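First comes the structure, then the notes that go with it.
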Amino acid sequence: MARKQPTRTDLSPAQNEIMDIVWERGEVSASEVRRALAKARKVARNTVRTLLERMEHKGWLTHREEGRTYYYAAAQPRQLTIGQKVHDIVETICGGSAETLVNALLDYRGLNVDELKRIRQLLDQAQATKSQKGKP
Numbered sequence: 002m003a004r005k006q007p008t009r010t011d012l013s014p015a016q017n018e019i020m021d022i023v024w025e026r027g028e029v030s031a032s033e034v035r036r037a038l039a040k041a042r043k044v045a046r047n048t049v050r051t052l053l054e055r056m057e058h059k060g061w062l063t064h065r066e067e068g069r070t071y072y073y074a075a076a077q078p079r080q081l082t083i084g085q086k087v088h089d090i091v092e093t094i095c096g097g098s099a100e101t102l103v104n105a106l107l108d109y110r111g112l113n114v115d116e117l118k119r120i121r122q123l124l125d126q127a128q129a130t131k132s133q134k135g136k137p
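For the sequence shown, the numbering used here assigns the number 2 to the initial residue and increments by one for each residue that follows.
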């Protein structure tokens, strides 16, 4: 079983938006985040800095300094974060059943044809991997 990382405090919608920017770009300054957010709405420089500092305090970001500029990066990759969240959902909401999670996904969100094809490929790959390791 994979070792579970400590759960990070959940993020606000604005902080989730910033995490998307950080994951997409890898490393960003506060001004880069502000410019990216400004495409959708006006945002104050101090607001962005405060959000970034809070996200670092919550364990979502790390930073390095170059002169007077802080460059922020994700504390862990998006895929690992998603995996931890899914694990938490399966264990706490779905009673430990991945099947319950998949049923809920199908019943309440639905999947388009392309998503269904990709998921089928993932399932086939997982089954082949288990077969190669000699597991039923």
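C-beta atoms are modelled at their ideal positions from N, C-alpha and C, and glycine is treated no differently. Since the structure is predicted, the reported quantities are computational estimates derived from the model, not experimental observations.
In this structure, L52 lies away from Q77, with their beta-carbon atoms at least 8 Å apart. A direct Cα-to-Cα measurement between E33 and T82 gives close to 23 Å. For L38, the enclosing alpha helix (DSSP H) covers residues 31-39.
Proximity of the region 58-67 to the region 106-117 falls short of the contact definition, fewer than three beta-carbon pairs being nearer than 8 Å. Separation of C95 and K86 (C-alpha to C-alpha, rounded to the nearest whole angstrom) is 12 Å. In the DSSP assignment, L62 falls within the beta strand (DSSP E) that extends over 62-67.
Beta-bridge annotation (DSSP): E28 is paired with A74.
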